[in-house]
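Residue numbers are given in my numbering: position 42 of the sequence shown equals residue 55, and the series is strictly consecutive.
Single-structure report; data block below.
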Amino acid sequence: MSNPNDPLFHGKRPPIDTSRGAIAWMTHNHVTANLLMLVFLIGGLIFSLTIKKEVFPEFSLDMVTVNISYPGASPEEVERGVLVPAEQAVTGLVGIKELRGTAGEGSASLTLELNEDANASKVFQDVQAAIDRVSTFPNDIERPQVTLVERKRDVLDIVVHGNVDDRTLRAFVMQVYDKLEAHPDITQLEAYGVRDYEVAIEVHRDDLRRYNLSLPLISQLVRDAAVDVPAGGVKSEAGEILVRVTERKDWARQFGDIAVAQSPAGGTVRLRDIATIRDALVDEPRNMVFNGEPAAGIDVFRVGDQTPMSVSKATHAVLDEVRQSLPPGVFVTVRDDDSEIFKERLSLLLKNGFIGLLLVFVVLGIFLELRLAFWVTLGIPISFLGALLFLPWMDISINMVSMFAFIIALGIVVDDAIIAGENIYEWRQRGYSNFDAAVAGARQVAVPLTFAILTNIVAFIPLTQLPGFMGKIFGVIPFVVGSVFVVSWVEALFILPAHLAHSKRGHKSRSARRLAARQKMVARGLDRFVEQRFKPLLDTCVRHRYFTISVAISILIVMSGYAASGRMGFTLMPRVERDTGRVQVTFPPGTAEAQLARARTQIMSAADVILEETGREGVFIGMRGLIRNDTVQVDVYLTPGDKREVSTGDFVRRWRRQVGTVPGALSSSFASDRGGPGAGPALTIELRHTDTDLLEEAATQLAAGLSGFPAVGDIDPGVSQGKRQLDLTLTDTAKSLGLTAEEIGRQLRASLYGAEALRQQRGRDQVKVMVRLPEEERVTLDDVNNILIRAGNGVWLPLPDLVVIDQGRAYATINRREGRRVMTVTAEVEPADQAALVINELDQTVVPQLLARYPGLSLSYEGRQADEREGLSSLGMTFTLTLAVLYFLLAIPLKSYIQPLTVMVAIPFGVIGAILGHLIMGYGLSMVSLLGMVALAGVVINDTLVMIEYGNRLRTQGVAITDAIKAAAARRFRPIVLTTVTTFCGLMPMIFEKSVQAKFMIPMAISLGYGILAATAISLLLVPCLYLMFSRDIPVLFGMLKNHAFRRTAN
């Protein structure tokens, strides 16, 4: 059966050589092709069982932290004495990208973000050495902790809760901890919400005066009397004998016999005579409740090659055993089980993949022979399983991102088999045998198909060059799709021809004949459409090509301008809802514990009201309330989003209205989205000024300006008065008695905070021995005034006689960046993707007024906006380089400097479809959308390259350029439509997926799916116009100009 529409076929069937070349050899040796297919299929199945599985890919954080504890010190003291020297020590070290520091009450933290190419271990060692060299740190600091931050791979969270006291709760938590730790498949655990043990020694002020003692002195006496001291060894005939002084004391009862003074009668005063000694828990407020009951928890992590499933299975087995031994009223609840998340996402992607595969087969079965459609469709699982053979060698696991990469490939990879299979089918239609058609058809498209694969791979390369967290997450996609494309190339050119060459056309059943008849009917209908509709339209577009090009450019400008205006919205990452609603409310430092508890009750009660409205059944799992560092946090855990009618976002919005105003709160935030890249406040504005007072005032004014925007809420000015502070200055009396500021501070610190006598290991616990005044003597301001200071001569004097006391306020926290104080204002924008519009308006109104009012003030947008700037800059640069590589790859098969431009100019027009797709689906643009548009470049090139290569071959046969490109478009109409429909069908289940698990990746699928629909019109109508413009019109124009210039020169 011949095809008269093919200009290369003139009614004859010229002989072809099918005996030479790799394709011919593989087609002859079909056993080799089958063995290769089995290697891909069986090898991939085996590797799928052993390959590492996780929710997200592994990545390093490229971060070093320095944490220094300075108990009892105010934030300003911490900044001056600890943070600034630490900053100076590490400034200038090689490999540090950014330096941020925070001084809080009793602690300083330094965060060093490293350059991506830095040697993290070397920088860590340099930072540790630099910190160790600092000699100006206060004596009372604890040893600085320098840490190379590693991402802990958490599997699940265990909550132990019940109406029991703290000591009992701690015992149950550690009981669960011990049983988990003993399991061979559980390696790393971390308990939280449990208070540490301590030995508390409390001495009344009157007893100190009576026996002329001070708290630091008692602390020293305890330290000297409660240690083990190795004293060496002696040699004897029986061997060496070790000598030790053993006075170690672990429990409170053992400290009572320590002698601390002599009584007036000459007797010995022991510690138990003047002190209350008890085994206690560290003096901290109870900070966690779960479902209204006291709670603490254990985080379970995985290490090495452990999978979420294996660790989760082992944990649940232990917990089933533990629950049987727990008393009534004590419960163990599991939250955030990664194995369940992994199973849900794997099920989701496998479901979408299967549906996509089925749709591809149905579409191919409509247009092609059923046998051909089967073998073409089979190329997809062959390519996928074959790609699994390469992933372990590239240290890539099966995770959410790599699985999504397979979904992307599903829509694209079938193109190769369609191009080869459809061309083989065409050669069959010309009357060639199965074998000759398979070899000739595959050989004819081998070169364009090879370069189409290469361009597809290159188009994904920019994803490997994204900076920071995004690069670590999306960087695996190019390696996965690249592996799939390589196997697909092998399958399309070497396996598929062998199968089609040796497939028999035997007797067809009645149903097969009916199907074949319908396929012929579809084929004839498609041919009629090409002849009666497409060709006239193409003639019109080519004849008025500059009008066609102008219309396309106009649409591109309008759509791009609309997207760039911010009206569609743009965010770094799609906001994906989680199954947890969270409220965080911040109070002024020093807020009473009772007020924090009332706020927690108010927030949890409001959640209960909403749960009563929505119904708890099938919606509610549990509720946790935390109090820490003057912040109240409440989490409501909901069932998976696809199993309940109310969304997390809707629940949180109703919760916000129900909570209303929290008395005394500085700021509040309500969140329903997941963490990760793009998380955090929608707006983060950082202000810098040398005058701290002006900086605070400017931050307050900026927050007031933000409150005028209707879309902005949850504004936090970052300004807090902090706790009340007493500033002490020594009097002449103190100086005359030889007292120094250090000595007074030491005694005062011991009275208020306590003096640490010992820190020693007791089993798994590190236990402090603290000497302090009883709580009732260190509560009020009068207690401070009543503190007695012991002078060097043994005289006791009231604190007010030795110092001048001024009242003020300390900063709650002091933030620094690159050695300078900064203030950060944050806010939320609803919807979040409208932040760009808010920023534009902010820059035109509030910011200019602020800069004019406070000379020397500078501000910058950080957080999401900084990540967006960095990501867009990197993406723009790498995409430019990618276009250059694509040009070279196109120039080689086309053998032209101009024709690659014809193909590449079509790339931007694919963006029209991607933008329209986002508008149709109701999505704003995100960085994930742009990544899809970048990857779209390779897909657009595929069909265009094959069509232009075909047109060039027609021209070598003497066909006029206009007729050649029109014939090429008509000839490639069916394969282009096939690849378009199959690509869109492959991505369609993901595009229309409603599960919250898929929201993260849907924008990329929209860009690719709708972009390829637009690319169809581009390839079939716009590219022929561009081809004529670049290949004929522009050379003719330049020739005319050259001749005109030559004639002018001659004249």
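Ideal Cβ positions, reconstructed from N, Cα and C, are used throughout, including at glycine.
query	result
What separation, rounded to the nearest whole angstrom, lies between the Cα atoms of I818 and E789?	22 Å
Since Y1023 and A927 are thought to touch, with beta carbons under 8 Å apart, how far apart are those beta carbons, to the nearest angstrom?	6 Å
Would you call A272 buried or exposed, if buried means 16 or more other Cβ atoms sit within 10 Å of its Cβ?	exposed
Taking only the alpha-carbon atoms, compute the straight-line gap between K1007 and V589 and give it to the nearest angstrom.	12 Å
Does DSSP put E788 in a helix, a strand or coil?	helix
In terms of DSSP beta bridges, what is Y766 paired with?	In DSSP, Y766 forms no bridge with anything.
Could you say which of L1039, V140, M581, I616 lies nearest to G305 if we only look at CA atoms?	I616
Would a C-beta distance cut-off of 8 Å place L863 and Q714 closer than the cut-off?	yes
Is it true that the CB of T390 sits closer than 8 Å to the CB of V414?	no
How is the beta strand (DSSP E) around G638 delimited, first residue to last?	633 to 641
So, with DSSP's three-state summary, where would you put A804?	coil
According to DSSP, is E260 part of a helix, a strand, or is it coil?	coil
Indicate whether the contact test is met: 3 or more Cβ pairs, each with one atom in the segment 658 to 673 and one in the segment 616 to 630, closer than 8 Å.	yes
Who are the Cβ neighbours of R762 in its own chain at under 6 Å, not counting the five residues just before and after it?	G85
Should E699 and T837 be called a contact, given that it needs their Cβ atoms to be closer than 8 Å?	yes
Among V916, L51, K656, which one has its Cα closest to the Cα of V632?	K656
Excluding the 5 residues preceding and the 5 following S410 in the sequence, name in chain order all residues of the same chain whose CB lies nearer than 8 Å to its CB.	I64, K65, K66, E67, P70, E71, L404
Taking the Cβ atom as the reference point for each residue, do I1031 and G923 lie within a distance shorter than 8 Å?	yes
Restricting to Cα atoms, I'd like to know which of R223, L230, L1041 is closest to G767.	L230
When you compare each of S685, Q478, D428, P730 to P601 by their alpha carbons, which one comes out closest?	P730
Count the other CB atoms within 10 Å of the CB of Q760; is the residue buried (16 or more) or exposed (fewer)?	buried
Got a sec? Which residues, its chain only, sit under 6 Å from T40 by beta carbon, not counting five neighbours each side?	A451, V452, P510, A511, A514
Going by Cα to Cα distance, which pick from F268, V335, T259, L467 is closest to L902?	L467
Please state whether DSSP places L21 in a helix, a strand or coil.	Its pLDDT being 49, under 50, L21 is placed unreliably by the model, and nothing is read from it.
When the distance is taken between beta carbons, is M416 closer than 8 Å to L371?	no
Can you tell me whether M416 is helix, strand or coil according to DSSP?	helix
Return the residue from the list Q478, N806, E504 that minimises the CA-CA distance to S887.	Q478
Just to confirm my understanding: we take V808, look at its own chain, exclude 5 residues before and 5 after, and list those with CB closer than 8 Å. What are they?	L750
Identify the residues that DSSP records as bridge partners of S567: which are they?	For S567, which the question treats as bridged, DSSP gives no partner whatsoever.
Do you know offhand how far A536's Cα is from V941's?	38 Å
Using a 10 Å radius around the Cβ and a threshold of 16 neighbouring Cβ atoms, would you call E606 buried or exposed?	exposed
Taking the CB atoms as reference points, tell me whether V645 and V598 lie closer together than 8 Å.	yes
Taking the beta carbon of Y83 as the centre, do at least 16 other beta carbons fall within 10 Å, making it buried, or is it exposed?	buried
Near H174, what residues of its chain come up, given a Cβ to Cβ distance below 6 Å and the 5 sequence neighbours on each side ignored?	F303, E306, A308, F344
Determine which residues share a DSSP beta bridge with V117 and list them.	In the sequence as displayed, the identity of residue 117 is Gly instead of Val. Answer is S120.
On the premise that A433 lies in contact with L462, defined as a C-beta separation below 8 Å, what is that separation, rounded to the nearest angstrom?	6 Å
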